[in-house]
Amino acid sequence: MILLPLYAMHSSISEASHFSDPEEVAMELKNHFFNAAREGDMEVLELFIESRYDLDTQDTKGYSALILATYYGHLDAVERLLTAGANPCIKDNRGNTAFMGAIFKGEEKIAYRLIGTHCNVDERNNAGQTAAMYAALFERVELLQAMKDWGADLNAQDAAGNSAAQLLRGGIRLTSPINYDHSR
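Quick note: the sequence shown uses this note's numbering, first residue 18, plus one each step.
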């Protein structure tokens, strides 16, 4: 249900851009929503939240507002989106979550906020990598310990055979182990 604040934004967008197609207007609103998350614009995010906009909507790359706010380091926006009901477990098109993005970008405060959500701490992206593997690769040792305390499996392996424990020791495999079939 879109309420008055977004209708007002919609009206100004329509007047400024002369959109006649409702799909174009919806796309423009979506772009404003994602830009607000990217920029940490709390006033605009609050308009979307108050208007009951779908906080879990995703762009063409699968990014949600929560993923974008995380990636750009906006802890206040992350917190507000979470308290408003945004799903922290959503994956982008590569299978990465907001938590994985926080670790990748070094946004440790956000990562600590996301670690306590109901998401699976051992969730894997499309390459079979876990957030613990990211933490180990980028030497975020304290965060890795917190993940272990939360139940993360540091011995889980990705498609190339890497585990968080191995990555923390500096070992990395760039390709999958060769599986020779000698049955021919």
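Where is the CB? At the ideal position from N, CA and C, for every residue including glycine.
A contact between stretches requires three or more CB pairs, one per stretch, nearer than 8 Å, and the segment 66-79 fails this requirement with the segment 120-140.
Each residue's CA atom was taken as its position, placing N179 and M117 some 16 Å apart. The beta carbon of R97 lies closer than 8 Å to those of M59, L62, E63, I66 in the same chain, with the five residues before and after it left out. In the DSSP annotation of this structure, the continuous segment of the alpha helix (DSSP H) that includes T87 starts and ends at 82-88. Pairing L184 with L160 gives a Cβ-Cβ distance that is not under 7 Å. At a Cβ-Cβ threshold of 7 Å, P105 and T134 count as neighbours.
An exposed status is given to R69, since fewer than 16 other beta-carbon atoms sit within 10 Å of its beta-carbon.
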